[in-house]
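Please read the structure below before turning to the comments.
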Amino acid sequence: MDWLIPLILTVITASTPLLLASTGELITEKSGVLNLGVEGMMLVGAISGFAVTATSGSAILGILAAIIAGMLMSLIFAFLTLTLMANQVATGLALTIFGVGFSALVGSGFVGFAIEPLPGLHIPLLTDIPLVGEILFGQDFLVYLSIVMVIAVGFFLSRTRGGLILKAVGDSHHSAHAIGYSVIKIRYMATMFGGAMAGLAGAYLSLSYTPMWAENMTAGRGWIALALVVFATWRPGRLLAGAYMFGLISVLQLHAQSAGVHVPSQFMSMLPYLATVIVLVIISSDRAKIRLNAPACIGQAFRPAQ
Amino acid sequence: MTGGSKPAQLEVRGVTKAFPGCLANDDISFRIEPGEIHALLGENGAGKSTLVKIIYGVLQADQGDLLWEGKPVTIHSPHDAREMGVGLVFQHFSLFETMTVLENIALAMNDVRDMAALRQQVIEVEKTYGLPLDPDRHVYTLSVGERQRIEIVRCLLQNPKLLILDEPTSVLTPQEVEKLFETLRRLADEGCAILYISHKLHEVKALCQKATVLRGGKVVGGCDPREETAKSMAEMMIGQKLTAPDRSGTRKFGDVRLDISDLSLISDEQFGTDLKGIGLKVRGGEIMGVAGVAGNGQNELFQALAGETEIIGTPDCIKIDGDPVAHFGPRRRRRLGAAFVPEERNGHGAVPDMSLSENGFLTAFRRMALSARGLIREVPTRSFADKIIKTFDVRTTGASAEAGSLSGGNLQKFIVGREILQDPGVLVISQPTWGVDAGAASAIHQALLDLAAKGTAVLVISQDLDEIFAICDQVVVMSEGKMSAPRPMADVSVEEIGLLMGGLHDLDGDVTLKTKELIEGDRVGQA
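Protein chains in written order, with this note's numbering: chain A, 1 to 306; chain B, 307 to 833.
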């Protein structure tokens with residue numbers, strides 16, 4: 001059992017950035033916008049959070065900076081695709097490439113800096129409970145926030161009028177426009193929420209997961225987050241489960257190696273995508289199912305007809 | 307008018323709206339009294355939809371005023387319009403397929419209230435007006451008639467003072483239309499003003515007390531539809547005399563050229579309809595109509611006939627001039643002398659971004675010998691397109707115009723012309739005049755009659771009963787993927803076809819067809 005607690009702890013930290021970023025992207029995609037720039041937004045969030053924390057000494061300011069940076073990145077995307085009606089796929093890819101370069105440029109002065117990692121929660125007695133204490137009550141607040149956010153998003157989508165409107169815009173933008181909802185405005189807000197969450201995910205990486213800055217430190221997690229949304233068939237409950245499953249897969253290779261099982265690391269890092277492909281094939285065979293959850297207008301530019 | 311004392315429910319005064327390159331509404335004025343059912347007539351592009359959007363707040367007028375109960379109002383958004391008491395039943399439904407009936411209704415309500423209370427209200431309105439609907443059904447599982455009920459229920463929930471219906475009956479069976487009219491008459495009796503937009507003139511005649519006719523964005527006249535004939539109103543709409551299709555040349559029916567027997571097919575569309583044991587023979591010189599409410603297998607039938615769906619196992623179930631073809635794709639069927647015109651013009655019948663001459667080439671290159679050794683023969687290709695444009699009076703800048711730049715009616719004339727000029731032995735055509743103005747529609751009808759007179763077997767799939775009565779020799783009805791036995795046009799009534807269209811999902815209660823005599827007596831006015 002010695003290995004179990006550390007395994008669970010690393011799974012939690014590996015899953016949290018995936019969960020944060022994919023929760024944001026879920027909302028973006030539910031509104032009918034496909035933003036492939038998650039990786040770029042995460043990187044810019046990570047360096048912004050790290051730079052502000054390192055210079056100001058305040059992790060809270062750093063986290064706020066990461067959120068704002070992520071939102072600004074998504075605002076660029078929203079302006080290009082929603083106002084100027086650029087192609088969403090191409091713009092999203094460009095946003096990622098831009099984010100990789102921009103974060104490396106800003107971050108070149110911060111390589112090698114060290115900061116204090118985000119403090120974990122410590123509740124006397126509770127945190128000290130053997131085995132489960134540290135897992136349940138010893139994490140930093142972003143971990144709890146990620147869980148709260150996905151639950152909140154689930155509640156928002158299934159129980160609130162706002163959620164219904166968001167889904168309506170993603171389902172049929174012409175109908176939503178005809179009834180009188182502002183499709184573009186709602187998509188702007190959904191896209192910026194996605195940006196904020198991606199920025200937060202980046203901050204988690206550079207402030208808590210590995211409290212340092214390294215170029216390209218997201219290492220493909222943005223892409224996994226994107227795959228995760230499809231994997232979860234746009235449902236928050238499955239998103240939570242999927243994030244932890246992908247988190248488990250990504251740390252398994254380390255633990256497998258230390259346990260003497262030799263699986264090529266490339267194979268393990270391939271697994272999340274392989275799982276997504278398999279799930280896609282399975283759900284595609286039941287089109288009614290994907291139809292009920294997938295936003296029908298995803299990736300389509302909206303031009304109000306005359 | 308009800309005298310000066312009582313203000314109109316809505317008065318439109320001098321409304322003008324311009325879009326780049328076109329004046330959609332030009333100084334339009336008319337008024338609707340409370341409790342009045344007022345028709346707004348006009349061809350496609352006459353400016354009806356633009357006017358409706360202005361009244362509903364989707365668009366803003368450049369000039370002019372709207373007076374609501376005598377007071378000038380500015381309507382900034384549909385939200386404002388609903389607040390005021392304007393309800394709109396959309397032409398293309400504004401529904402969300404993956405949501406439930408109740409969610410769809412909630413989305414169109416202005417004020418947030420709890421769903422349980424809303425559900426109760428919905429059920430009450432449904433009971434009061436006889437519009438049965440299960441609030442928890444997903445929209446994609448509903449028939450078009452049921453979908454329209456959602457739109458109506460959600461308007462009624464807001465207690466509208468003015469209800470606008472934009473082409474509400476284009477997808478309904480005659481029985482459903484009668485049911486709708488009952489609801490509307492009842493609403494009008496309760497004092498609700500109704501603005502009814504349609505180009506089905508016999509319906510306007512049966513329902514409305516006043517009509518305003520638009521042409522080219524202008525009001526060209528008003529009338530009392532009860533005192534007009536459908537023909538006289540149609541002529542007012544198009545501004546010229548209307549000639550009924552000439553069926554004088556009595557055709558002789560030859561051998562069976564299109565033979566469908568026991569055609570069954572599982573649809574691979576997610577909400578498609580399976581074809582069940584379809585059998586039909588169309589002889590040379592005969593025009594066979596396939597009637598039915600949309601979504602009862604007509605698309606699947608067209609695709610099976612056109613070869614877009616290949617049926618590998620049983621090549622015998624479709625025969626063209628005796629040759630089994632069910633396992634062939636479209637190209638090999640065309641080689642045997644068949645031609646096909648799908649319902650969707652842009653993207654299916656024609657490539658919108660390609661020129662007319664290129665579009666002409668795409669289906670005609672073999673029969674018209676437009677290609678040699680893999681190369682396009684420019685000169686014949688161009689002259690083929692020019693010939694279509696000339697013969698079928700396609701209004702365009704020339705053969706090099708992009709297909710997508712043509713209006714619906716003109717592109718349809720081009721596509722129909724392209725197939726007809728290839729002199730096919732079998733022509734399968736789906737919704738030949740859908741969304742086409744009356745002038746172009748009668749040209750297309752005449753072309754189909756002329757083609758049949760030359761010995762071609764023509765199969766017309768249409769939702770428009772007037773069209774079927776106007777040109778067909780026999781009719782079959784599709785319902786839930788099954789096909790009725792063919793009936794000669796001469797001894798079948800609209801009522802019978804309507805009952806067949808309803809299939810097993812017939813409406814309850816005793817349905818009287820008040821419109822029936824009007825339809826049969828006045829079929830000329832089909833627009």
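Think of the CB as a built atom: it goes at the ideal place given N, C-alpha and C, for glycine as much as any other residue.
The C-alpha of D530 (chain B) is placed about 29 angstroms away from the C-alpha of Q366 (chain B).
Rounded to the nearest angstrom, the Cβ distance from M245 (chain A) to A46 (chain A) is 23 angstroms, too far for a contact under 8 angstroms. Assignment of H173 (chain A) by DSSP, reduced to helix, strand and coil, places it in the helix class. In the DSSP assignment, V764 (chain B) falls within the beta strand (DSSP E) that extends over 763-767. DSSP places A644 (chain B) inside the beta strand (DSSP E), whose first and last residues are 644-647. Looking at the DSSP output, Y502 (chain B) bridges to B:A345, B:L471. Annotation for T276 (chain A): A227, V230, F231 place their beta carbon closer than 7 angstroms to its own, counting only its chain and skipping 5 residues before and after.
In this structure, I500 (chain B) keeps its C-beta atom at 8 angstroms or more from the C-beta atom of R460 (chain B).
The distance from the Cβ of A190 (chain A) to that of L166 (chain A) is about 6 angstroms, consistent with a contact at the 8 angstroms cut-off.
Contact between M41 (chain A) and S74 (chain A) holds, since their C-beta atoms are separated by about 6 angstroms, short of 8 angstroms. Boundaries of the beta strand (DSSP E) harbouring R337 (chain B): 328-338, taken from the DSSP string. By the C-beta density criterion, V700 (chain B) is buried, having at least 16 other C-beta atoms within 10 angstroms. In terms of Cβ geometry, L662 (chain B) and S175 (chain A) do not form a close pair [threshold 8 angstroms]. Contact between the stretch 717-727 of chain B and the stretch 626-639 of chain B is absent, with fewer than three C-beta pairs closer than 8 angstroms. Among the residues of the stretch 384-409 of chain B, those with a Cβ less than 9 angstroms away from any Cβ of chain A are P384, H385, D386, A387, R388, L394, F396, H398, F399, S400, L401, F402, E403, T404, M405, E409, in the order of the chain. When CB distances to chain B are screened at a threshold of 7 angstroms, the residues of the stretch 174-188 of chain A falling below it are S175, A178, I179, G180, in chain order.
At a cut-off of 8 angstroms between C-beta atoms, L564 (chain B) does not count as an interface residue with respect to chain A.
Of the other Cβ atoms in all chains shown, fewer than 16 fall within 10 Å of the Cβ of K760 (chain B); this residue is therefore exposed. At a cut-off of 8 angstroms between beta-carbon atoms, A414 (chain B) makes contact with chain A. Where E317 (chain B) is concerned, the enclosing beta strand (DSSP E) starts and stops at 316-325.
Neighbours of V364 (chain B) in chain A, taken as residues whose beta carbon is under 9 angstroms from its own, are H177, A178, G180, P304 in chain order.
In terms of beta-carbon proximity, L164 (chain A) lines the interface with chain B, with at least one pair separated by less than 8 angstroms.
Between the stretch 366-383 of chain B and the stretch 310-325 of chain B there are three or more C-beta pairs closer than 8 angstroms, enough to call the two in contact. H444 (chain B) has B:T406 as its beta-bridge partners, per DSSP. DSSP, reduced to helix, strand and coil, places Q257 (chain A) within a helical segment of the structure shown.
Annotated three-state conformation of D580 (chain B) is coil, per DSSP.
Closest by C-alpha distance to G62 (chain A), out of A:S206, A:M197, A:R187, A:Q253, is A:S206. Under a criterion of Cβ atoms nearer than 9 angstroms, no residue of chain B is adjacent to L157 (chain A); the nearest Cβ is some 12 angstroms distant.
Taking the beta carbon of D2 (chain A) as reference, no residue of chain B falls within 8 angstroms; the closest one sits roughly 49 angstroms away. When the five nearest sequence neighbours on each side are left out, the beta carbons in the same chain lying within less than 6 angstroms of the beta carbon of P621 (chain B) are those of P630, A632, H633, in order along the chain.
Taking 8 angstroms as the cut-off, the beta carbon of G590 (chain B) is found closer than this to the beta carbon of D561 (chain B).
Secondary-structure assignment with DSSP links I624 (chain B) through a beta bridge to B:I566. By the rule that beta-carbons nearer than 8 angstroms mark a contact, S48 (chain A) does not touch chain B.
Contact between S785 (chain B) and N602 (chain B) holds: their C-beta atoms lie close to 5 angstroms from each other, under 8 angstroms. Close to chain B, meaning a Cβ-Cβ distance shorter than 7 angstroms, is no residue of the stretch 106-139 of chain A at all.
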